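> Got a structure for you, questions after.
Chains as they are written, first to last, in my numbering: chain X, 3 to 298; chain S, 14 to 446; chain G, 377 to 671.
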């Protein structure tokens with residue numbers, strides 16, 4: 003009588019241990035694959051960062067060796083000689099503003115296209131999607147003429163306008179599908195409660211669509227932050243350059259200067275903000291999701 | 014909501030349109046402002062040198078200011094876009110072959126004849142006589158000069174003098190046979206004789222076009238490019254050149270891993286003392302200077318002659334950078350005054366200090382490029398990239414000539430198939446051009 | 377009805393006007409060039425009718441670029457999605473460090489192209505590169521001597537690097553969709569004894585279908601237009617074996633190193649590219665339409 007419960011507790015314990023082991027064993031492939039993948043990426047980033055602290059001679063003497071002495075002067079050179087510190091602020095201003103404006107324009111449009119079908123709405127959607135398919139270099143010459151006509155060529159403001167216009171198709175398309183996949187019930191419930199269409203959009207759809215908006219914001223930010231083709235065509239004023247254009251100029255001169263580690267320092271300067279922003283925003287993305295879940 | 018939106022929108026559009034219509038005054042009052050669009054990036058040593066030269070020019074000509082726009086290597090493409098929108102640009106610079114095939118070919122440049130026939134600024138000789146032999150005449154259209162070369166990179170073998178000494182080579186080779194003997198010596202001494210990049214298309218073509226020139230002389234390759242029937246590609250010189258290149262691979266003078274080198278992997282083996290030489294433009298010692306270190310002893314020798322060939326060892330390909338004045342400039346005199354100023358002894362010396370080869374006679378070149386100065390001065394005939402093909406038929410040169418030669422150069426296609434392939438491709442190309 | 381009209385106009389018009397002014401109008405304008413032989417300099421345009429289009433299909437380099445692009449689309453696409461799904465499922469399998477792994481896989485997307493291509497050049501370098509050195513260490517001679525970036529391998533070497541980048545993008549996209557699937561569905565399935573694969577095909581795929589179809593369309597468009605990465609993958613003169621349609625368009629129209637200035641022809645390439653995008657996207661949307669229609 004007295005032995006039995008002990009034995010059952012023991013076997014219960016053993017069972018739990020077995021479960022745990024099983025659970026862990028089941029996770030081993032996941033850890034292994036993700037671990038290796040992450041290790042490789044981490045290695046890539048670290049390699050770029052460490053190499054940026056070497057001299058070019060050191061880098062090529064042994065590509066995989068750790069730097070002997072840390073050469074921060076690569077950064078000083080990149081930041082001040084190449085004016086990257088000014089370009090950094092330029093990029094931050096123009097990219098952040100553009101991302102906000104893109105969302106302000108694209109979210110309502112996407113809402114209409116996904117939830118409020120009207121005559122011709124499919125055609126409009128298709129027009130937007132077609133926009134993603136257009137190779138941008140084709141637009142350089144006509145756009146240059148339009149920009150010059152509007153006297154906004156060679157200004158960060160003009161570049162921002164282009165950033166907004168050219169990011170619209172992708173963003174509208176992405177948000178259309180995000181809004182489209184949201185449950186209909188909430189919207190209907192709000193309408194029954196007497197909310198107007200505007201209220202439905204601002205009070206129901208926007209909060210629910212927040213993860214989608216943030217994902218779109220991240221993709222746009224990263225895309226625009228690293229964008230240099232448009233900047234190259236539309237900016238000629240060294241004071242109005244963007245960071246990635248500055249980096250492009252650095253890499254451009256390689257055939258005459260061969261300053262590889264200086265280039266890598268520039269790369270790190272361009273890369274760090276996007277990493278930080280991504281880390282912060284992906285946290286937000288998750289909190290946005292829980293917010294939506296609480297409401298429903 | 015709707016009205017507010019609309020009003021904001023209308024106001025925005027109206028503002029943009031209004032601002033587009035109004036304004037637009039340009040500076041006046043006796044002072045001339047010249048706009049210079051440049052192929053350099055602001056931080057490059059050459060841009061810094063040019064900025065100083067501009068400063069000195071402005072000091073000497075108080076009524077002229079020069080506004081330099083440092084565009085980087087896509088300069089001419091940017092100029093093209095900007096001209097389409099009536100942007101004011103007075104003069105530009107870029108690789109000479111590139112301007113020759115762009116602005117010059119399109120008839121958008123001003124003739125420099127009067128300037129060239131007037132006297133130089135700092136010497137009482139005709140301006141056209143201050144240039145290294147042949148450089149000025151490389152790019153002419155209907156016997157008129159539109160381009161002024163101001164920076165020279167001779168295409169030759171750039172080598173590590175220490176390796177040559179270690180291999181027991183007293184003087185660089187002058188003929189192809191001597192060249193092969195020396196390559197063997199270098200190989201036997203345990204070094205890699207030749208640095209080759211798998212993706213160095215332009216660099217690898219140097220071998221082909223030099224060999225064709227050394228055998229047949231200047232202009233033969235160009236005549237084949239221009240042949241709309243494609244028949245000329247059956248000439249044995251082309252297979253002969255490719256066979257000579259193949260020998261370099263077969264004898265191990267080009268190591269097999271070169272097939273996997275992507276720029277700058279191979280030239281880096283030169284800088285680190287593993288490889289002995291590379292056939293390249295004069296920018297190479299400069300580009301590798303950080304990597305090679307201050308103790309590296311650079312030498313250069315021209316592409317060797319081929320016994321019995323029509324070409325000469327001193328026929329030299331020169332990669333020139335040039336300035337050109339735009340046809341629509343409002344201030345041609347002032348722009349040309351600056352062009353002349355760039356060619357003074359002082360300015361050219363300053364350019365050389367930025368590690369560029371000078372075009373002006375007698376100016377001392379950077380130490381690493383010293384042999385380049387000798388070659389430029391001795392040049393009997395000046396050659397252009399792809400024998401002029403790049404400047405005049407850029408698309409054919411890239412899409413037919415390079416397209417068919419490079420795989421053979423890299424041992425990825427056979428020499429036997431080459432003549433039939435390229436003549437068919439040439440014929441096909443000309444059928445639609 | 378009236379308020380609805382007002383809603384549609386005020387929500388759609390701002391985006392629509394900006395798009396029209398700075399995108400559709402210049403596009404139409406550009407397409408006009410495709411009927412001309414035009415260098416882009418001055419006004420010297422020669423009307424050519426369909427000449428540019430006819431030339432395209434006789435141009436061996438265009439056909440090679442097209443073949444490469446379609447390879448990136450199909451083979452690259454299948455690989456990217458298989459890997460993105462695999463990693464998404466693994467990240468979501470209840471392991472610790474979910475956010476960390478997601479961030480790691482996504483990271484290559486935030487790094488400038490030049491840095492990535494420089495890194496891969498060092499990985500593939502035949503004399504000291506990571507891969508060849510590794511094979512040398514384990515004593516595999518054929519692997520140690522393999523040239524990853526030679527003339528006929530470089531395209532595949534580039535594609536591997538490209539896949540490594542793109543997997544992260546689609547992982548984030550899939551995960552954003554996956555996070556919306558209520559956890560109870562999986563718990564219920566587990567209680568009923570479903571295994572990972574059954575849950576994947578029974579819950580994940582159907583509930584993610586919207587995201588999957590968006591992802592497919594985005595990848596298609598990305599793959600058809602891809603140009604910057606392969607262009608930078610060989611930093612000096614990209615061999616023709618590496619060409620994509622986007623690269624060829626750029627080289628023909630904007631001639632960075634060579635004075636090839638054929639804007640009309642380049643525009644024709646762009647028009648063909650756009651037609652490919654529209655046709656393939658419409659086809660995909662039809663193929664991927666849900667079997668169960670929701671009202």
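Glycine included, every Cβ here is placed at the ideal spot set by N, Cα and C.
Computed from a predicted structure; not experimentally measured.
Rounded C-beta distance between residue 497/G and residue 278/S? I'm assuming under 8 Å.
Yes, they are in contact, since the Cβ atoms of residue 497/G and residue 278/S sit about 7 Å apart, within 8 Å.
> Contact between the stretch 28 to 41 of chain X and the stretch 464 to 479 of chain G is defined here as three or more beta-carbon pairs at a separation below 8 Å; is this criterion met?
yes
> Can you pull the chain S residues whose beta carbon is under 9 Å from the beta carbon of residue 392/G, in chain order?
None at all; the shortest Cβ gap to chain S is about 11 Å.
> Would you say residue 87/S faces chain X, with C-beta separation under 9 Å as the test?
yes
> Could you name the residues of chain X that residue 643/G contacts, counting a contact when the two beta carbons are closer than 7 Å?
140
> Output yes if chain S places a C-beta closer than 9 Å to the C-beta of residue 120/X; else output no.
no
> Is the shortest distance between the beta-carbon of residue 237/S and the beta-carbons of chain X less than 9 Å?
no
> Of all the options 60/S, 167/S and 80/S, which has the alpha carbon lying nearest to the alpha carbon of residue 387/S?
167/S
> Tell me which residues of the stretch 69 to 92 of chain X have at least one Cβ-Cβ distance to chain S shorter than 7 Å, keeping chain order.
83 and 84
> For a contact meaning CB atoms closer than 8 Å, what does residue 285/S contact in chain X?
Per Cβ cutoff of 8 Å: 62 and 63.
> Are residue 245/X and residue 262/X closer than 9 Å when you measure CB to CB?
No; because the gap between Cβ atoms is not below 9 Å, this pair is not in contact.
> Can you find the residues in the same chain that come closer than 6 Å, C-beta to C-beta, to residue 170/S, ignoring five residues on each side of it along the sequence?
Same-chain partners within the cutoff: 290, 292 and 314.
> Around the C-beta of residue 316/S, are 16 or more other C-beta atoms found within 10 angstroms, so that it is buried, or is it exposed?
Buried, since its Cβ has 16 or more Cβ neighbours within 10 Å.
> Between 70/S, 175/S, 327/S and 161/S, which lies nearest to residue 338/S when the distance is taken from Cα to Cα?
161/S
> Would a C-beta distance cut-off of 9 Å place residue 12/S and residue 243/S closer than the cut-off?
Lying before the first or after the last residue shown, residue 12/S is absent from chain S, which here runs from 14 to 446.
> Taking just the CA atoms, how far does residue 257/S sit from residue 359/S?
44 Å
> So, is residue 26/X buried or exposed, given that buried needs 16 or more other C-beta atoms within 10 angstroms?
It counts as exposed.
> Pick out the complete alpha helix (DSSP H) segments inside the stretch 178 to 210 of chain X, 4 residues or longer, and give them in chain order.
186 to 194
> According to the Cβ coordinates, are residue 312/S and residue 177/S closer than 9 Å?
With a cutoff of 9 Å on beta-carbon distance, residue 312/S and residue 177/S are scored as near each other.
> Would you list, in chain order, the members of the stretch 27 to 44 of chain X that have their beta-carbon closer than 9 Å to a beta-carbon of chain G?
Going along the stretch 27 to 44 of chain X in chain order, one finds 28, 29, 31, 32, 33, 35, 36, 37, 39, 40, 41, 42, 43 and 44 with a Cβ nearer than 9 Å to chain G.
> Hey, does residue 255/X have any beta-carbon neighbour from chain S nearer than 9 Å?
yes
> Suppose the cutoff is 8 Å on Cβ atoms and the five residues either side in sequence are ignored; what does the same chain contact list for residue 456/G look like?
539, 542, 543, 546 and 595
> Which of helix, strand or coil does DSSP assign to residue 52/S?
Note: residue 52/S maps to coil in three-state DSSP.
> Measure how close the beta-carbons of residue 299/S and residue 392/S come, nearest whole angstrom, since I'm counting them as under 8 Å.
Contact doesn't hold; Cβ gap of about 20 Å is too wide.
> What whole-angstrom Cβ distance do residue 283/S and residue 208/S have, given they're in contact under 8 Å?
5 Å
> Using three-state DSSP, classify residue 496/G as helix, strand or coil.
helix
> Please list, in chain order, the residues of the stretch 631 to 664 of chain G that have any C-beta partner in chain S closer than 8 Å.
631, 632, 633, 634, 635, 636, 637 and 638
> Can you confirm whether the stretch 124 to 133 of chain X touches the stretch 198 to 208 of chain X when touching is taken to mean that 3 or more C-beta pairs between the two stretches lie within less than 8 Å?
no
> So, using beta-carbon positions, are residue 241/X and residue 88/X closer together than 9 Å?
yes
> Nearest-angstrom Cα distance between residue 127/S and residue 133/S?
12 Å
> Any beta-carbon of chain G closer than 9 Å to the one on residue 416/S?
yes
> Which residues mark the beginning and the end of the alpha helix (DSSP H) in which residue 59/S is found?
58 to 73
> Can you find a C-beta in chain G that's less than 9 Å from the C-beta of residue 18/S?
In this predicted model, residue 18/S has a pLDDT of only 47, less than 50, meaning its place in the structure is not dependable enough to derive any value.
> Name, please, each residue of chain S whose Cβ falls closer than 8 Å to the Cβ of residue 100/X.
What residue 100/X touches in chain S: nothing, since even the nearest Cβ is about 16 Å away.
> For residue 78/S, write down the residues that DSSP places opposite it in a beta bridge.
Listed as beta-bridge partners of residue 78/S by DSSP are 46/S.
> So the candidates are 514/G, 629/G and 522/G; which of them puts its Cα closest to the Cα of residue 139/X?
629/G
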